[in-house]
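Notes follow once the structure below has been shown.
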Amino acid sequence: MSDQKEYLKAEREKEWRVELRNKIKNRERTDIPRVKMPEMDPLERIKYQDREVNQGLSVAQAQREASRCMDCVNPTCMEGCPVSINIPKFVKYIDKGDFLSAAKTLKETSALPAVCGRVCPQEKQCESHCFYIQKLKKEPVAIGYLERFAADYERESGQMSVPETAPKNGIKIAAIGSGPASLSFAGDMIKRGYDVTVFEALHEIGGVLKYGIPEFRLPNKIVDVEIEILKKMGVKFETNFIVGRTASFDDLKAESFEAFFVASGAGLPNFMNIPGENYNGILSSNEYLTRVNLMNAASSDFDTPVFRGKNVAVIGGGNTAMDSVRTAKRLGAERAMIIYRRSREEMPARVEEVKHAEEEGVEFLNLNNPVEYFADAKGHVSRVRLQRMELGEPDASGRRRPVPVEGSEYDIAADLVIVAVGVSPNPLIPKALPELKISRWRTIEVEQDKMQSSLPELFAGGDIVRGGATVILAMGDGRKAAASMHEYLQQKSQIINHKS
Amino acid sequence: MNKIVEKDFFSSKVARFVVEAPRIARSRKPGHFIILRVDEKGERIPLTITDADAKAGTITLVVQKVGVSSEKLCALNPGDFIHDVVGPLGRATDIKKVGTILACGGGVGVAPLFPIVQGFKKAGNRVVSILAARNKDLIILEDEIRKWSDEVIIMTDDGSYGKKGLVTAGAEEVILREKVDECIAIGPAVMMKFTSLLTKKYGIPTQASLNAMMVDGTGMCGACRVSVGGQTRFTCIDGPEFDAHQIDFDELMLRLGGYTELEKEAYQKYFESSK
Amino acid sequence: MANLTTRFFGLELKSPVIAASSSMTGNPEQIKKLAEAGAGAIVLKSIFEEEIYQQLQEELSLRPAIHSDAEYLDYFDYVIKDETLKKYVQLVADVKKAIDIPVIASVNCVSSGEWTLFAKKLEDAGADAIELNLFIVPSDAEKSNEYNEQFYFNTVKKVKEKVSIPVTIKISYYFSNLAKIAGELSETGISGITIFNRFFSPDIDINKEELVTANVLSQADEYLLPLRWTGILANQVKCDLAATTGIHSAGTAIKFLLAGASAVQVASVLYSEGAGAITRMNKEIATWMDKKQYRRIDDFKGSLNMTNAKNAAYFERVQFMKYFGGKEF
């Protein structure tokens with residue numbers, strides 16, 4: 478870690494950084510208000526499934542915002558970043574006007590900066606540690622917007638750098654799942670010269686980035702650009718391939734794969750198991766979002782259908798619930814409602830998503846919980862019975878416990894219900910490897926710093942290890958696993974060389 | 004992209020395809036299914052693997068034309084490609100030697116029944132197979148089933164082939180005349196429901212293979228959920244076969260009808276656009 | 649020869665001695681012994697709404713940092729609930745296979761939320777009846793009488809809507825108008841009321857100056873409270889009554905039957921003496937009945953209840969004055 482500190486110090490002392498710091502007095506810097514992200518008009522944007530709400534900063538806006546950064550001696554923002562991106566360095570490159578270098582800096586640590594800039598909960602991570610908010614009680618530097626800016630600039634300039642790769646070492650390795658953890662892992666391993674194949678069960682690459690996060694938050698074409706770069710670097714992708722079913726781990730070992738990174742995600746949807754939950758028109762958020770985002774069900778050109786409800790109730794308060802309710806609004810819902818059993822402030826979703834949802838006309842029914850569903854004569858949901866909740870004592874996580882209010886049940890009309898109350902680890906891999914050590918909650922157990930499982934040649938990361946978490950954490954796991962697998966394979970080949 | 008190697012029609016509505024899928028052909032066991040997408044705009048649909056040739060690297064699929072996706076698939080010919088095929092999915096049939104198996108197939112349900120009949124016969128059981136359909140044209144795979152059964156009974160609603168009557172009539176006759184150790188029923192949900200009620204009466208353990216609607220087929224979406232023994236199960240992960248006596252068939256049939264309106268509209272549009 | 653059959657839980661029971669809900673009745677092996685010892689019915693170990701919450705707390709505090717995403721944990725209690733219910737449904741099914749006597753599922757609630765609605769699954773699993781253990785200690789000064797009472801009626805109503813098997817309740821004595829409430833509850837279609845549930849009692853260790861758990865098992869004289877109320881309520885409720893707490897001997901059981909109960913539920917005596925206590929109690933009840941020449945329980949049931957409420961209170965007051973008032977009456 479002290480290497481890190483040394484490195485940061487050395488970078489900070491470089492002439493161009495010193496120059497930038499001296500250019501403006503800190504007093505002036507701190508007077509600049511935080512930039513406002515240009516957003517598409519709410520009533521306009523709900524007409525489109527695939528128009529991004531945030532339109533991106535202009536060059537002038539980005540540089541001005543970047544100049545707010547004081548290039549702290551001790552950059553606390555980095556402590557908030559799960560993958561320790563060198564934030565001052567990339568921000569100052571933007572300040573300087575060298576946007577391509579900013580993008581390059583991002584890529585030193587983050588494989589998918591255009592993605593993170595859009596979906597990270599910065600208000601809980603880097604930005605919450607910024608000096609501005611910590612010490613000055615002012616709005617933090619808009620690190621997320623700047624990250625997006627640099628990544629988008631590089632992409633749009635057509636000058637996307639394809640990172641260099643080491644000479645091929647001929648060792649075959651596999652990544653299972655093609656979501657953020659695997660893409661991150663693959664990027665790192667291909668750079669080290671490994672022969673990398675990413676196996677994906679679905680017909681599209683990208684995992685939750687494609688099927689889960691809607692286009693109006695993360696356009697699929699941005700994900701595709703990142704995937705193209707990986708392909709250019711030599712990463713192989715095989716879709717429609719379920720490791721453990723299409724071919725077993727033993728089959729792959731017989732095909733000379735020497736190590737595996739399992740990042741198959743937490744895709745199994747949780748339901749509440751309340752009466753009526755199996756009526757038609759009640760979907761898991763996974764099903765709803767997969768139909769719309771992955772199968773383009775909203776478009777009449779595509780064959781997969783989706784219900785367009787008039788009165789849509791989305792149960793849950795996280796990002797998935799926000800994505801679902803905003804999608805419903807875009808699909809023509811007259812009432813698109815969030816039903817969440819705790820208060821507004823306690824919703825785990827990104828603050829920006831909640832704000833955008835509200836602007837778009839989503840109704841928030843906080844302190845409400847469904848207890849039963851009723852259907853029409855055809856068996857399609859028509860009503861939800863809600864019970865009001867009040868907040869009781871805090872539980873072990875510090876959040877106040879929702880307690881039902883006696884006799885407070887009432888019904889609302891709903892013809893589409895999306896259940897977004899969480900996911901569980903996908904069971905396919907654990908079932909295929911009975912000897913793999915699984916936690917009691919069905920996540921793969923790994924040694925935390927090495928991401929190595931109970932089977933030495935098998936590493937794991939992302940939601941299959943964490944239960945359900947963020948894109949950036951998955952990416953961090955992918956990078957850690959890459960470093961760790963590299964060490965393992967190097968040691969293994971040394972032993973083999975030694976023996977021969 | 005999987006190439007179609009062979010194609011023939013059992014009837015105007017039911018086609019058989021032999022498709023290149025070497026890995027699936029090697030890994031698959033009776034009871035498994037695949038999910039396919041005809042083209043880039045297509046739906047993901049499940050189809051049971053009726054047969055496979057590991058050496059040739061091919062699998063056999065049987066499709067009935069019931070909507071847009073099945074129509075599109077049936078319009079393809081040898082040399083064409085199916086855009087995506089993934090599998091093998093689901094839990095394989097639990098095949099063991101129990102004595103006498105009564106295998107009941109309704110309509111196109113005989114296609115998924117065939118590998119199970121074959122498996123149970125290979126395991127040394129006595130196999131009595133009942134093939135049932137509305138009329139003679141809709142009876143499929145009769146020769147293949149005969150090859151692997153000790154006895155084959157054919158039932159048609161209109162009496163145009165075999166005996167006149169429903170599958171349950173044929174099944175009850177067998178149950179009354181000999182000891183049946185286990186029953187498999189595959190076909191339209193209502194057929195499986197009534198066959199199950201019959202075997203429940205006689206206390207015969209029965210497996211039904213469900214044709215729930217699916218989107219991803221890998222346990223990710225829950226569209227295929229069914230109630231078995233009061234618990235919610237995912238057909239694509241825990242099934243497609245379940246203990247028939249515990250299945251809530253009424254709920255299954257309700258869920259199968261969930262997209263009927265949208266499907267009808269789409270089917271209509273498809274016909275109009277292909278004119 | 650005395651016939652010990654009686655009616656409770658809406659069912660014919662072959663003995664008035666029921667194995668109450670306790671950790672003994674959570675284990676199929678133990679349950680089998682109790683059934684073989686002659687119990688009239690088994691009330692399974694309770695499934696607690698609060699247990700789900702407690703387990704969630706444990707999970708949250710034991711979780712490694714790697715599993716702490718707020719969105720992932722937000723509805724985690726539903727995952728725990730699902731697991732817990734699955735296990736309980738399995739218990740019901742397993743026990744039903746192992747014994748012949750009625751198996752009663754016991755559900756412990758503190759609110760009438762969606763918790764009550766899984767009662768249907770218990771019915772599907774084969775439970776012969778459901779005992780709702782309605783469990784609130786009115787220590788919250790913010791909640792009114794009416795609010796607390798609503799909980800009882802709402803819960804019963806919700807469960808009755810979902811199931812067709814008999815539903816009984818087990819209640820506490822914390823009511824300002826116990827006779828009225830019991831009467832009204834008995835008219836909701838329930839098949840029995842058991843008095844009273846026995847709460848965990850805190851005690852104080854004066855040396856450590858700490859709160860500790862009081863005696864978990866009941867003391868023999870604890871039966872006096874439910875005995876009085878059995879006598880008072882027996883004719884005021886429309887459904888059958890059963891009693892519990894402190895019933896350690898056949899003699900005590902008989903007292904309750906005389907007071908008007910149709911059955912008694914025992915737990916503590918099983919801990920101290922084992923399943924054999926039931927066999928002993930059945931035998932001694934039969935011996936007493938033979939001595940008194942009673943052929944059936946109904947021959948003597950309720951003969952000593954306090955027939956009407958006005959009399960009962962008056963009777964008690966008068967006796968009290970007689971013994972403690974220092975006046976001749």
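Protein chains in written order, with the numbering used here: chain G, 478 to 977; chain X, 4 to 278; chain U, 649 to 977. No residue lacks a Cβ here, since even glycine has one placed at the ideal position from N, Cα and C. Treat the numbers as computed from the prediction; the structure is a model and nothing was measured.
1) CA-CA distance, Gly-840/U and Lys-196/X?
2) Is it true that the CB of Ile-7/X sits closer than 7 angstroms to the CB of Pro-81/X?
3) Start and end of the alpha helix (DSSP H) containing Asp-851/U?
4) Mind listing the chain X neighbours of Ile-719/G? Cutoff is C-beta to C-beta under 9 angstroms, in chain order.
5) Have a look at Ala-746/U and Leu-692/U and give me their C-alpha separation to the nearest angstrom.
6) Under 7 angstroms, do Asp-780/G and Val-71/X count as touching if we go by C-beta distance?
7) Quick check: the Cα distance between Arg-236/X and Leu-92/X, rounded to an integer number of angstroms?
8) Could you tell me the distance, in whole angstroms, from the CA atom of Lys-828/U to the CA atom of Ser-787/U?
9) If I'm right that Thr-61/X touches Thr-53/X with Cβ under 8 angstroms, what's the distance once you round it to whole angstroms?
10) Output the boundary residues of the alpha helix (DSSP H) element that contains Pro-519/G.
11) Could you confirm whether any beta carbon from chain U is found closer than 7 angstroms to the beta carbon of Gly-233/X?
12) Chain G partners of Lys-44/X, CB-CB under 7 angstroms?
13) Would a C-beta distance cut-off of 7 angstroms place Val-111/X and Val-22/X closer than the cut-off?
14) Can you check which of these residues, Lys-832/G, Asp-665/G, Arg-943/G and Ala-909/G, is closest to Gln-925/G by C-alpha distance?
15) Is Glu-790/U close to chain G? Criterion is C-beta to C-beta, closer than 7 angstroms.
16) Can you confirm whether Tyr-822/U, when its beta carbon is compared against all beta carbons of chain G, has any partner nearer than 7 angstroms?
17) Quick one: what does DSSP say Glu-585/G is sitting in, helix, strand or coil?
18) Taking C-beta pairs closer than 7 angstroms, name the residues in chain X that Gly-809/G reaches, listed in chain order.
19) Check Phe-784/G in the structure and name its three-state DSSP category.
20) Kindly provide the ranges of any alpha helix (DSSP H) runs that are 4 or more residues long and lie completely inside the region 867-912 of chain G, ordered along the chain.
21) Mind checking whether Thr-51/X and Ala-678/G have CB atoms under 7 angstroms apart?
22) Go ahead and label Glu-492/G buried or exposed: buried means 16 or more other beta carbons lie within 10 angstroms of its beta carbon, across all protein chains shown.
23) If you reduce the DSSP assignment to three classes, tell me which class Asp-42/X lands in.
24) What's the C-alpha gap between His-833/G and Arg-821/G?
25) Name the DSSP beta bridge partners of Cys-186/X, please?
26) I'd like to know if the region 716-733 of chain U and the region 688-708 of chain U are in contact, where contact means that at least 3 CB-CB pairs between them fall below 8 angstroms.
27) So, for Ala-957/U: in the same chain, excluding its five sequence neighbours on each side, which residues have a beta-carbon less than 8 angstroms away from its beta-carbon?
28) Could you compute how far the alpha carbon of Ser-761/G sits from the alpha carbon of Ala-775/U?
29) In its own chain, which residues sit with a C-beta less than 6 angstroms from the C-beta of Leu-893/G, not counting the 5 before and 5 after it?
30) When the cut-off is 7 angstroms and only beta carbons count, does Glu-692/G lie next to chain X?
31) Which value, in whole angstroms, describes the spacing of the CA atoms of Glu-488/G and Asn-563/G?
32) Helix, strand or coil for Val-22/X per DSSP?
33) Taking only beta-carbon positions, decide if Glu-764/G is within less than 7 angstroms of chain X.
34) Excluding five sequence neighbours on each side, which residues of the same chain lie with their C-beta closer than 6 angstroms to the C-beta of Ser-801/G?
35) Given that a residue counts as buried once 16 or more other Cβ atoms are within 10 Å of its Cβ, and exposed if not, what is Lys-124/X?
36) Helix, strand or coil for Lys-709/G, going by three-state DSSP, please let me know.
Quick answer:
1) Rounded to the nearest angstrom, the two C-alpha atoms are 38 angstroms apart.
2) yes
3) Element bounds for Asp-851/U: not the alpha helix (DSSP H) but the beta strand (DSSP E), 850-853.
4) The answer, in chain order, is Val-89, Gly-90, Pro-91, Leu-92 and Thr-221.
5) 13 angstroms
6) yes
7) 15 angstroms
8) 21 angstroms
9) Between Thr-61/X and Thr-53/X a beta carbon distance of about 11 angstroms is seen, past the 8 angstroms cut, so the two are scored as non-contacting.
10) 519-522
11) yes
12) By Cβ distance, chain G contributes Asp-778, Phe-779 and Asp-780.
13) In this structure, Val-22/X does not lie closer than 7 angstroms to Val-111/X by Cβ.
14) Arg-943/G
15) No, its Cβ sits nowhere closer than 7 angstroms to a Cβ of chain G.
16) no
17) helix
18) Correct list: empty, because the minimum Cβ distance to chain X is about 14 angstroms.
19) DSSP places Phe-784/G in coil when its eight states are reduced to three.
20) 905-909
21) Result no, Cβ atoms of Thr-51/X and Ala-678/G do not sit closer than 7 angstroms.
22) Exposed is the call here.
23) coil
24) 14 angstroms
25) Leu-105/X and Thr-209/X
26) yes
27) Reliability fails at Ala-957/U, whose pLDDT of 48 lies under 50, so the model's placement of it is uncertain and the value that follows must be treated cautiously. The answer, listed in chain order, is Ala-827, Ile-880 and Gln-884.
28) 31 angstroms
29) Gly-758, Phe-784, Gly-786 and Val-789
30) no
31) 10 angstroms
32) strand
33) yes
34) Ser-762, Tyr-765, Val-791, Ile-895 and Ala-897
35) Label assigned to Lys-124/X: buried.
36) helix
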